[in-house]
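Visitor: In our numbering, the protein residues as written are 36 to 285. Each residue gets a CB set at the ideal place from its N, CA and C atoms; glycine is no exception. Just so it is clear, the structure is predicted and the values come from calculations on it, not from any experiment. One structure, pasted below without further comment.
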């Protein structure tokens with residue numbers, strides 16, 4: 036048996052948002068590796084072994100997957116959303132770079148998924164319709180002063196912004212600091228979308244102005260989208276439409 040490794044994204048939650056490409060490769064796999072809640076989304080079947088592990092062991096998880104692929108297994112490493120957005124693709128390649136030379140010759144492919152910021156943007160309209168950036172607010176793998184600098188510069192450049200991992204129980208102060216930075220750099224009317232559990236049964240979307248936003252509006256299941264100064268809202272019956280025009284006047 037010839038082994039291979041696929042690094043895939045399971046999308047934001049709904050089964051309909053898993054790509055056919057990912058569904059097909061899961062049907063061929065002998066082993067699925069990933070964080071516990073993501074592996075739980077993969078249906079058990081004969082011939083498939085599920086290897087679930089805790090958070091913050093990405094490199095160990097990657098090495099395990101690579102070892103199995105080298106032994107001839109058909110291995111799928113799963114992430115939520117897209118595997119290349121704050122997820123497992125980088126971790127696997129970090130393990131490849133530091134591991135045995137033979138791992139570089141393995142059949143490895145990355146299969147994209149729908150990441151949370153794009154699912155959230157689609158629900159709201161088109162808030163990322165012009166230039167935007169994406170920032171992970173977790174300081175587990177980078178220092179907080181670097182996050183602050185990137186936030187400030189992104190706001191000064193008038194990007195729309197997407198924030199991942201905004202507020203955890205262990206570091207609730209991070210998002211409060213983020214709002215303070217935004218209030219120094221942006222006007223009070225700046226639009227913010229709080230999108231929680233997009234595409235899942237408990238989905239909740241809330242549009243607010245920067246002046247009324249509070250840290251408690253976000254948690255680790257929330258992706259936060261901040262509009263640029265050009266982002267607009269179209270009021271209507273039901274949920275409003277939020278979009279950023281494709282042009283910027285000179």
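How big is the Cα-Cα spacing for residue 87 and residue 229?
Guide: Sequence index remark: in the chain shown, residue 87 carries index 52 (1-based). Sequence index remark: in the chain shown, residue 229 carries index 194 (1-based). Straight-line Cα distance between these residues: approximately 29 Å.
Visitor: Please list the terminal residues of the continuous beta strand (DSSP E) segment that includes residue 144.
Guide: If you number the chain shown from 1, residue 144 lands on position 109. That run of the beta strand (DSSP E) goes 143-146.
Visitor: Between 128, 83, 74 and 101, which lies nearest to residue 90 when the distance is taken from Cα to Cα?
Guide: Looking up residue 90 in the chain shown gives position 55. Residue 90 has its Cα closest to that of 74, out of 128, 83, 74 and 101.
Visitor: I'd like the span of the beta strand (DSSP E) that includes residue 260, first residue to last.
Guide: In the chain shown, the residue the question calls residue 260 occupies position 225. 257-261 is the extent of the beta strand (DSSP E) around residue 260.
Visitor: Would you mind reading off the limits of the alpha helix (DSSP H) that contains residue 216?
Guide: Against the chain shown, residue 216 aligns to sequence position 181. Unbroken alpha helix (DSSP H) run through residue 216: 208-220.
Visitor: Assign residue 282 to buried or exposed, taking buried as 16 or more other Cβ atoms, counted over all protein chains shown, within 10 Å of its Cβ.
Guide: Translated into the one-based positions of the chain shown, residue 282 becomes position 247. That one is exposed.
Visitor: Please confirm whether residue 114 and residue 69 have their CB atoms less than 8 Å apart.
Guide: If you number the chain shown from 1, residue 114 lands on position 79. If you number the chain shown from 1, residue 69 lands on position 34. Yes; because the gap between Cβ atoms is below 8 Å, this pair is in contact.
Visitor: If contacts are defined as beta-carbon pairs under 8 Å, then residue 255 and residue 202 qualify, I think. What distance do you get, rounded to the angstrom?
Guide: Here residue 255 is taken as the residue at index 220 of the chain shown, counted from 1. Here residue 202 is taken as the residue at index 167 of the chain shown, counted from 1. The pair is a contact, with the Cβ atoms about 7 Å apart (cut-off 8 Å).
Visitor: Can you tell me the Cβ-Cβ gap for residue 291 and residue 100, rounded? I've got them flagged as a contact below 8 Å.
Guide: Since the first residue shown for the chain is 36 and the last is 285, residue 291 is missing from the structure and cannot be characterised.
Visitor: Looking at the structure shown, is residue 128 part of a helix, part of a strand, or coil, going by DSSP?
Guide: Stepping through the chain shown from its first residue, residue 128 is reached at position 93. If DSSP states are grouped into helix, strand and coil, residue 128 belongs with the helices.
Visitor: Considering only DSSP beta bridges, list what residue 117 is partnered with.
Guide: Sequence index remark: in the chain shown, residue 117 carries index 82 (1-based). Note: residue 117 is not bridge-paired with any residue in the DSSP secondary-structure output.
Visitor: Would you grab the beta carbon distance between residue 243 and residue 220 for me? Rounded to a whole angstrom, and I think it's under 8 Å.
Guide: Residue mapping note: residue 243 aligns to position 208 of the chain shown, counting from 1. Residue mapping note: residue 220 aligns to position 185 of the chain shown, counting from 1. Contact doesn't hold; Cβ gap of about 17 Å is too wide.
Visitor: In whole angstroms, what is the alpha-carbon distance linking residue 251 and residue 172?
Guide: By one-based count along the chain shown, residue 251 stands at place 216. By one-based count along the chain shown, residue 172 stands at place 137. Between residue 251 and residue 172, the C-alpha separation is close to 15 Å.
Visitor: Give the straight-line distance between the Cα atoms of residue 232 and residue 138, rounded to the nearest whole angstrom.
Guide: One-based indexing of the chain shown puts residue 232 at position 197. One-based indexing of the chain shown puts residue 138 at position 103. Approximately 36 Å between the Cα atoms of the pair.
Visitor: Taking DSSP as the reference, what is the three-state secondary structure of residue 57?
Guide: What you label residue 57 is simply residue 22 of the chain shown in a count that begins at 1. Three-state DSSP puts residue 57 in a helix.
Visitor: Which word fits residue 116, buried or exposed, when buried means at least 16 other C-beta atoms lie within 10 angstroms of its C-beta?
Guide: Taking the first residue of the chain shown as 1, we reach residue 116 at position 81. Under this definition residue 116 is a buried residue.
Visitor: Helix, strand or coil: how does DSSP classify residue 88 here?
Guide: As a position in the chain shown, residue 88 is number 53, starting the count at 1. Strand, per DSSP.
Visitor: Taking one C-beta from the segment 38-56 and one from the segment 133-148 each time, how about it: are there three or more such pairs within less than 8 Å?
Guide: The segment 133-148 and the segment 38-56 touch, with three or more beta-carbon pairs separated by less than 8 Å.
Visitor: Output yes or no for whether 8 Å exceeds the beta carbon distance between residue 111 and residue 123.
Guide: Numbered from its first residue, the chain shown carries residue 111 at position 76. Numbered from its first residue, the chain shown carries residue 123 at position 88. In this structure, residue 123 does not lie closer than 8 Å to residue 111 by Cβ.
Visitor: Locate the alpha helix (DSSP H) running through residue 158, then write down its first and last residues.
Guide: In the chain shown, residue 158 corresponds to position 123, counting from 1. Where residue 158 is concerned, the enclosing alpha helix (DSSP H) stretches over 151-159.
Visitor: Grab the span of the alpha helix (DSSP H) containing residue 179 for me, first residue to last.
Guide: Locating residue 179 in the chain shown gives position 144, counting from the first residue. Where residue 179 is concerned, the enclosing alpha helix (DSSP H) stretches over 179-191.
Visitor: With a 10 Å radius around its C-beta and 16 neighbouring C-beta atoms as the bar for buried, classify residue 107 as buried or exposed.
Guide: Translated into the one-based positions of the chain shown, residue 107 becomes position 72. Residue 107 comes out exposed.
Visitor: If you run the structure through DSSP and keep just helix, strand and coil, what is residue 226?
Guide: What you label residue 226 is simply residue 191 of the chain shown in a count that begins at 1. Strand.
Visitor: Give the secondary structure of residue 98 by DSSP, where H, G and I count as helix, E and B as strand, and everything else as coil.
Guide: For the purposes of this step, residue 98 is taken as the residue at position 63 of the chain shown. Reduced to three states, the DSSP call for residue 98 is helix.
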